[in-house]
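Residue numbers (UniProt numbering), protein chains in the order written: chain S, 1 to 148; chain W, 1 to 148; chain H, 1 to 148; chain Y, 1 to 148.
Here's the structure, in structure tokens; my notes come after.
Protein chains: 4
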Amino acid sequence: MTIEQSTIEARVEAGFSRANFIADLGIRPTACGAGWVEAELSILPRHFQQGGFVHAGVQTTLADHCAGAAAATTLAEGFSVLSVEFKLNLLRPALCETLLCRAEVLKSGKQICVAESEVFALKNGEKRLFSKATVTLAVLPVAATLPR
Amino acid sequence: MTIEQSTIEARVEAGFSRANFIADLGIRPTACGAGWVEAELSILPRHFQQGGFVHAGVQTTLADHCAGAAAATTLAEGFSVLSVEFKLNLLRPALCETLLCRAEVLKSGKQICVAESEVFALKNGEKRLFSKATVTLAVLPVAATLPR
Amino acid sequence: MTIEQSTIEARVEAGFSRANFIADLGIRPTACGAGWVEAELSILPRHFQQGGFVHAGVQTTLADHCAGAAAATTLAEGFSVLSVEFKLNLLRPALCETLLCRAEVLKSGKQICVAESEVFALKNGEKRLFSKATVTLAVLPVAATLPR
Amino acid sequence: MTIEQSTIEARVEAGFSRANFIADLGIRPTACGAGWVEAELSILPRHFQQGGFVHAGVQTTLADHCAGAAAATTLAEGFSVLSVEFKLNLLRPALCETLLCRAEVLKSGKQICVAESEVFALKNGEKRLFSKATVTLAVLPVAATLPR
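If you want it as structure tokens, here you go:
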């Protein structure tokens with residue numbers, strides 16, 4: 001199944017713009033393709049935990065949302081995904097001005113998708129990896145992913 | 001090692017009030033003891049994902065932060081914790097007015113603490129479990145948990 | 001849906017006896033009910049890692065298999081489960097003569113089941129918890145869980 | 001810190017040959033370097049689960065052990081690792097004659113190492129990925145990783 005780039009972009013755009021919590025945090029998609037999505041977030045003091053680092057919850061929100069959007073780029077028309085579970089490893093405390101994320105689909109199945117997300121900042125042109133997540137998503141008809 | 005309840009409460013209070021992202025979301029601690037913490041969050045539309053459910057990132061922030069606070073209630077003076085990793089299972093889509101969380105320490109070690117968090121709502125007096133997390137935390141001298 | 005205890009026992013018995021790796025390790029079911037399974041393993045030197053503790057792989061095999069069996073006790077006729085993913089925390093190095101495991105279903109859904117497994121030994125009548133796992137399983141028609 | 005290749009090989013060799021459960025399953029290291037280890041396992045009927053696929057416990061044992069060995073190649077003299085936790089996603093049912101694994105260190109810290117392991121088979125010269133794990137390990141003085 002090949003999905004056109006314009007369809008992919010429309011899905012990713014909708015998946016971010018309709019999610020209140022994503023808009024509230026300031027997360028915006030920056031690029032996407034078949035099976036991958038990139039997004040970024042300008043870090044503000046409101047995103048900090050008690051020590052002044054970016055809160056793990058901010059990183060997870062970014063990682064999970066990009067993973068879901070990446071999975072959505074691989075689905076047949078009429079289907080959507082809901083996160084089933086994820087695991088995120090925090091590799092070092094996160095301090096940066098802009099948090100970046102790239103999510104890639106590892107396996108796109110009929111019932112289950114698995115994606116990985118890397119959360120990082122660029123420093124002197126190099127990736128400084130703060131956290132990495134593996135996200136398992138259920139593939140469902142769109143109606144089954146909405147409140148009844 | 002026995003830690004006085006007043007010390008436990010002071011640690012939990014500080015761990016929540018100093019964390020900008022926790023205040024920003026509206027999360028507040030409600031009860032605590034040796035090895036456990038409870039907190040709640042009044043759900044607003046800004047906490048939603050694209051379908052109108054509470055975003056997984058909101059649930060994770062609550063689960064992770066309570067786990068860290070629960071771990072902190074078990075530490076010797078001068079030590080603190082940083083999350084190393086967590087895994088959260090979303091058992092059903094979350095729709096509610098108030099999200100509750102209870103975190104309990106499973107193992108408190110010298111280098112590593114492990115805690116579990118349940119995220120739920122009360123409905124007709126019964127727990128409706130939305131998600132459950134396992135959180136691994138590193139135990140560190142306080143100075144090592146702050147930006148240099 | 002109520003499933004008779006004799007059906008539950010037959011499913012658990014089959015799930016263990018037909019799995020070569022489970023028989024090879026020496027794992028045997030000891031009790032079961034709707035949504036839960038218990039099993040045990042007599043520890044031999046062949047189960048050790050390099051330091052002389054029970055290998056994490058042995059604990060995981062026990063935890064995963066019991067979780068699958070517990071999930072199977074909740075399914076409609078004609079369905080089975082395959083593990084999608086699991087996470088296991090090793091709380092302390094495992095040294096014992098008999099390793100015990102109890103798995104309980106946290107959520108039994110149409111597409112996904114989630115179960116938890118505790119791996120422990122009894123010492124002076126008390127549970128010594130070595131590891132705890134959360135297991136996500138896909139619910140599938142039996143034919144879809146077999147090689148084609 | 002640079003560690004000589006001969007030291008790396010000696011550590012990996014010892015980490016596999018001294019682990020009874022690894023020898024019992026038939027797992028053997030095939031290559032290693034600074035921060036990575038590869039191993040393989042000839043699949044026999046004894047490694048199967050009830051449906052005839054390679055048991056998740058076999059895949060996890062391979063993934064966890066390689067991750068630990070990969071972490072060990074990065075440590076200062078006198079230190080060793082113990083697995084703290086891992087998460088493994090099963091991407092498709094595993095059927096093959098030889099199971100391969102490559103583990104790579106994602107972050108090597110003073111207290112914590114994180115490694116990833118891919119479990120796969122080669123088919124027509126291409127990697128067929130069966131499972132992927134993320135493993136968190138505690139770095140400890142060697143004496144603290146042995147039974148007292």
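Just so you know, even glycine gets a beta-carbon here, dropped at the ideal spot from N, CA and C.
query, result
"Segment contact flag, the stretch 15-27 of chain W with the stretch 100-108 of chain S, C-beta cutoff 8 Å, min 3 pairs", "no"
"Chain-ordered chain H contacts of Gln-111(S) [CB-CB under 7 Å]", "Gln-111, Ala-138"
"Nearest-angstrom Cα separation, counted from Ala-63(H) out to Thr-134(S)", "21 Å"
"Val-142(W) vs Gly-78(W) beta-carbon contact at 7 Å", "yes"
"Interface partners of Val-114(W) on chain H, CB under 7 Å", "Asn-89, Leu-91"
"Environment of Leu-122(Y) [buried if 16+ CB atoms lie within 10 Å]", "exposed"
"Distance between Gly-109(Y) and Leu-95(Y) (C-alpha atoms, nearest Å)", "36 Å"
"Minimum C-alpha distance to Val-37(Y) - residue among Asn-20(Y), Cys-66(Y), Ala-138(Y)", "Cys-66(Y)"
"The UniProt domain \"Thioesterase\" (51-125) of chain H: positions lying closer than 7 Å to chain B by Cβ", "Included in the structure are the protein chains S, W, H and Y, with no chain B among them."
"Where Cys-96(Y) falls: helix, strand or coil (DSSP)", "coil"
"Residue of Ile-112(Y), Ala-23(Y), Gln-111(Y), Lys-132(Y) minimising C-alpha distance to Phe-120(Y)", "Lys-132(Y)"
"Residue interval of the beta strand (DSSP E) (run including Val-54(W))", "From DSSP, Val-54(W) is part of no beta strand (DSSP E); its letter is neither H nor E."
"Three-state secondary structure assigned by DSSP to Ala-133(S)", "strand"
"Members of the stretch 9-25 of chain H near chain Y, C-beta cut-off 7 Å", "Gly-15, Arg-18, Ala-19, Asn-20, Phe-21, Asp-24"
"In DSSP terms, what Gly-33(Y) is bridged to", "Trp-36(Y)"
"Contact with chain H by Phe-48(Y), beta-carbon distance below 7 Å", "yes"
"Proximity of residue 189(S) and Thr-2(S) at Cβ, strictly below 7 Å", "The structure shown has nothing for residue 189(S), since chain S only spans 1 to 148."
"Residue range of the unbroken alpha helix (DSSP H) whose run includes Asn-20(W)", "20-25"
"CB contact flag (Leu-146(S), Gly-51(W), <7 Å)", "yes"
"Which listed residue (Leu-137(H), Cys-32(H), Val-81(H), Asn-20(H)) has its alpha carbon closest to that of Ala-144(H)", "Val-81(H)"
"Whether Val-114(Y) touches Asn-124(S) by CB criterion (7 Å)", "no"
"Span separating the alpha-carbon of Ser-6(Y) from that of Leu-129(S)", "30 Å"
"is_contact[Thr-134(S), chain Y] using C-beta, thresh 7 Å", "yes"
"Extent of the continuous beta strand (DSSP E) to which Ala-115(H) belongs", "112-123"
"Ser-42(H) burial status per 10 Å Cβ neighbour count (16 or more: buried)", "exposed"
"Buried or exposed by the 16-neighbour rule on C-beta atoms within 10 Å, applied to Lys-87(W)", "buried"
"Beta-carbon gap between Phe-21(W) and His-47(S) smaller than 7 Å", "yes"
"Exposure label - Pro-45(Y); buried when at least 16 CB within 10 Å", "exposed"
"Within the stretch 56-92 of chain H, ranges of the beta strand (DSSP E) (whole runs, at least 3 residues)", "79-90"
"Pick from Ala-39(W), Lys-127(W), Pro-93(W) that is closest to Arg-148(S), judged by C-alpha positions", "Pro-93(W)"
"Partners in chain S for Leu-129(W), counting only beta-carbon separations shorter than 8 Å", "Simply none; closest approach about 14 Å."
"Beta-carbon proximity check, Ala-56(S) vs Ser-83(W), cutoff 7 Å", "yes"
"Cys-32(W) vs Val-58(W) beta-carbon contact at 7 Å", "no"
"Exposure of Thr-4(S), with buried meaning 16 or more beta-carbon neighbours within 10 Å", "It should be pointed out that residue 4(S) corresponds to Glu in this sequence rather than to Thr. So Glu-4(S) counts as exposed."
"Nearest candidate by alpha-carbon position, reference Leu-91(Y), set Ala-138(H), Arg-18(H), Ala-39(H)", "Ala-138(H)"
"Segment limits, alpha helix (DSSP H) that includes Val-12(Y)", "5-17"
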